[in-house]
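**Q** Take a look at this one; I'll ask things after.
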Amino acid sequence: MTETARNTIKSYFDAFNGGDTDGMLACLSDDVAHHVNEGNIREGRAKFADFCAHMSRCYDETLTDMVIFASDDGTRAAAEYIVNGTYLETDDGLPEARGQGYRLPAGSFFSLRDGQITRVVTYYNLADWIAQVSE
């Protein structure tokens, strides 16, 4: 069970790093709950896809130094990584985008059922990101 969970999370992040939203969506359950850092919970694949489209427009990101953890029963997992990004287009309520680069630690927590992700929670330090893109 642990290996199945780890493989699902690895596939999800491999798709992220490859810019493959469809690949990410394939890892999610239809009723996925997406808990966005500093944001609301979005439910369902369609809202997750909308979020990905928005993020791709505003940010170009690659995740490195990935470490994936999974519970013995395969129902929960977590990952810690470094976000390496470029701020492409100004996001509502955030500093103006001018192609600034940033690098910050982040983490995600997951619930899984039948080999699919049912919950995604992502955390990073927004104040750190703002400081980096405001320099």
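The letter at position 7 of the sequence shown is residue 36 when you use this note's numbering, and the numbering goes up by one with no holes.
Glycine included, each C-beta is placed from N, C-alpha and C at the ideal position.
#1: Please report the straight-line C-alpha distance between Gly103 and Gly48, rounded to a whole angstrom.
#2: What residues in its chain sit with their C-beta under 8 angstroms from that of Ile159, if we drop five residues either side in the sequence?
#3: Report the three-state DSSP secondary structure of Leu155 (helix, strand or coil).
#4: Buried or exposed: where does Gly165 fall if 16 or more other Cβ atoms within 10 Å of its Cβ makes it buried?
#5: List the DSSP bridge partners of Pro134.
#6: The alpha helix (DSSP H) spanning Leu54 covers which residue range?
#7: CB Phe77 to CB Ala107, shorter than 8 angstroms?
#8: If you drop the 5 nearest sequence neighbours on each side, which residues of the same chain put their C-beta closer than 7 angstroms to that of Phe45?
#9: Along the alpha helix (DSSP H) that carries Thr119, what are the first and last residues, could you check?
#10: Suppose the cutoff is 6 angstroms on Cβ atoms and the five residues either side in sequence are ignored; what does the same chain contact list for Cys81 look like?
**A** Let's see:
#1: Gly103 and Gly48: Cα-Cα distance of roughly 26 angstroms.
#2: Taking Ile159 as the centre and dropping the five residues before and after it, the same chain places the C-beta of Leu123 and Pro124 closer than 8 angstroms to its C-beta, in chain order.
#3: Under the three-state reduction of DSSP output, Leu155 falls in the helix class.
#4: What is shown of the chain runs 30 to 164, which leaves residue 165 out entirely.
#5: In the DSSP output, where bridge partners are listed per residue, Pro134 has Ile111.
#6: Here the alpha helix (DSSP H) through Leu54 covers Thr50 to Ala55.
#7: No; because the gap between Cβ atoms is not below 8 angstroms, this pair is not in contact.
#8: Closer than 7 angstroms at the Cβ level, and outside the excluded window around Phe45, lie Met53 and Leu92.
#9: In the DSSP annotation of this structure, Thr119 is not part of any alpha helix (DSSP H), being labelled neither H nor E.
#10: The residues Thr50, in chain order, have a CB closer than 6 angstroms to that of Cys81 in the same chain once the five nearest residues on each side in sequence are set aside.
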